[in-house]
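A.B. asks: Sending over a structure as structure tokens; questions will come in a sec.
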């Protein structure tokens, strides 16, 4: 099967490269210089197909300048709430949608915040990007009622993913230490129940230690590749 490469550029911005296909997830408003170092415009253009996925409109997941990459072989797959000019290169999606072309199939799942999450089948691989789907319990801040509602919401949305996209080859999922308490509870659920072969932490707001600590957990056969800096992930 085709090898995969992953690159991390803060917030939830991951680049996945599979064969001659470039996929960028959640290009945001504070993209670090390392992305432009690793992927100058001419390098992005050199891939046969380029897909830019945007899960929702929050600035840490979406920046309108992403559209400067429009060109031959480019497709933008966006949450339906994101404003953009009508174009054959732009596809707006919502939970439950499926998009298929000659290179990949995209399954659109829900979120426990804004927008959507994505399951992508490409070149014999399955890749999941959670967007802001997470168990946002905020135990230290929420009332018991609010926390219970958050847990119920997560169960509903995560169950839908499990019913349709089990055992992906890679899953990108939030590990957000701002929540305090068991901030990685949702991530642990993802690793243990969705059972990805590779787990890639994201949305940790510069707290690389949180990602490293998560990688040290006993998660069975799931391999965790925690980013140590912006750029290519060591697998």
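Numbering (the working numbering), first residue to last: -3 to 231.
Backbone N, C-alpha and C fix where the C-beta goes; we use that ideal spot for every residue, glycine too.
Quantities reported herein were computed from a predicted structural model and do not represent experimental measurements.
1) Tell me the DSSP secondary structure of residue 40 in three-state form.
2) Would you check if there are 3 or more beta carbon pairs closer than 8 Å linking the segment 133 to 148 to the segment 165 to 173?
3) Does the count of Cβ pairs from the segment 2 to 19 and the segment 117 to 128 closer than 8 Å reach three?
4) How far does the alpha helix (DSSP H) with residue 33 in it extend, from its first residue to its last?
5) Restricting to Cα atoms, I'd like to know which of 231, 225, 230 is closest to residue 7.
6) By the 10 Å Cβ neighbour count, where 16 or more other Cβ atoms means buried, how is residue 61 classified, buried or exposed?
7) Grab me the residues of residue 216's own chain with a C-beta within less than 6 Å of its C-beta, minus the 5 sequence neighbours each way, in chain order.
8) Between the segment 16 to 35 and the segment 74 to 88, can you find at least three pairs of beta-carbon atoms closer than 8 Å?
9) Name the DSSP bridge partner or partners of residue 198?
10) What does the alpha-carbon distance come out to for the pair residue 200 and residue 98?
11) Unbroken alpha helix (DSSP H) runs of length 4 or more, entirely within the segment 34 to 120: which are they?
C.D. replies: On the basis of the coordinates in this document:
1) helix
2) no
3) yes
4) 29 to 34
5) 225
6) exposed
7) none
8) no
9) 170
10) 34 Å
11) 37 to 42
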